[in-house]
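Everything below concerns the one structure shown next.
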Amino acid sequence: MLTLDHLAISARTLDEGTAAVEAALGVPLAPGGQHPHMATHNRLLSLGPDLYLEVIAADPAQPRPAWPRWFDLDRFTGPPRLTNWICRCDDLDAALAMSPPGTGTPVALARGDFRWRMAVPDTGILPYDNTFPALIEWQGAAHPAPRLPDLGVRLIGLEITHPDADGLRHALKGCLADPRPTDPWLTISAGPPGMRARLSTPQGERLLA
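Following the UniProt record's numbering, the numbering of the sequence shown begins with 1 at its first residue and continues without gaps.
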């Protein structure tokens with residue numbers, strides 16, 4: 001079964017993405033790190049003890065990989081925006097067997113003492129125009145969320161739109177088991193591919209899209 005793990009805000013540069021999210025939410029982001037396999041880097045924000053948000057961008061200090069970066073970052077243009085949701089599972093291979101074609105191939109990754117396997121599409125583009133979740137399996141007990149300073153930001157709801165909303169709902173049926181304080185915390189409706197997150201912050205409710 002899948003559980004929401006984190007949200008990804010993509011940006012052309014990490015500084016641009018960090019500034020946009022900090023301005024939108026009114027809180028500072030914590031340091032993240034580099035991902036050598038993908039030549040990306042990130043900054044992080046706690047959304048509670050088991051959930052976080054990352055701002056991610058291509059890292060110009062690292063050589064461009066010979067394969068597509070995750071989250072379709074090689075083709076990213078425009079202002080920083082919410083592009084992906086990432087769900088964790090206990091058995092990545094089993095989760096992939098229940099997922100649409102193109103969800104990805106498992107790749108073993110590491111950053112500091114974090115170890116994880118992630119399904120990365122060969123094209124960098126997840127099914128349903130990137131609105132299907134990326135899948136991650138953490139190795140061991142280390143996870144970023146409990147290590148981040150808690151600044152009081154929480155996810156209220158995630159809203160996803162896609163022209164084939166029925167198909168996306170069907171692809172997730174029976175796979176997603178994530179009780180959140182707000183029910184339903186996830187809504188999927190027809191529309192252009194996209195997503196937005198409603199968040200509570202010390203400054204009030206905010207929207208990231």
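Quick reminder that beta carbons are idealized off the backbone N, C-alpha and C, glycines included.
It should be emphasised that the depicted structure is a prediction, and the values quoted were computed from it without experimental measurement.
Inter-residue Cα distance where the pair is T123 and T77: Along the sequence shown, one-based indexing puts residue 123 at 123. Along the sequence shown, one-based indexing puts residue 77 at 77. Computed Cα separation, rounded: 17 Å.
Proximity to D91 [Cα-Cα], best of G191, A20, W138: Here residue 91 is taken as the residue at index 91 of the sequence shown, counted from 1. When only C-alpha atoms are compared, the closest one is W138.
Member of L96, V107, L45, L135 whose CA lies at the smallest distance from the CA of H37: The count along the sequence shown starts at 1 and reaches residue 37 at position 37. Closest by alpha carbon: V107.
Length of the line joining the Cα atoms of R88 and R81: As a working mapping, residue 88 is identified with position 88 in the sequence shown. As a working mapping, residue 81 is identified with position 81 in the sequence shown. R88 and R81: Cα-Cα distance of roughly 22 Å.
Exposed unless 16 or more other CB atoms sit within 10 angstroms - verdict on T40: On the sequence shown, position 40 is the one that residue 40 refers to. Label assigned to T40: buried.
Alpha-carbon spacing of P202 relative to R69, whole angstroms: Mapped onto the sequence shown, residue 202 falls at position 202. Mapped onto the sequence shown, residue 69 falls at position 69. The C-alpha of P202 lies about 34 Å from the C-alpha of R69.
Host alpha helix (DSSP H) of A20 (start-end): Your numbering for residue 20 matches position 20 in the sequence shown. In the DSSP assignment, A20 falls within the unbroken alpha helix (DSSP H) covering 14-25.
According to DSSP, residues forming a beta bridge with G157: Within the sequence shown, residue 157 is the residue found at index 157, counting from 1. Paired residues: R198.
Cutoff 7 Å; reference L4; Cβ partners in own chain excluding five residues on either side: Numbered from its first residue, the sequence shown carries residue 4 at position 4. Listed in chain order, the non-local C-beta contacts of L4 below 7 Å within the same chain comprise L51, W85, C87, D178, local neighbours out to five positions each way being set aside.
For A197 and L25, the rounded distance between their alpha carbons: In the sequence shown, the residue the question calls residue 25 occupies position 25. In the sequence shown, the residue the question calls residue 197 occupies position 197. If you take the alpha carbons of L25 and A197, they lie about 12 Å apart.
Proximal residues to A95 (C-beta, below 6 Å), its chain only, five neighbours per side dropped: On the sequence shown, position 95 is the one that residue 95 refers to. Contacts found: C89, L135.
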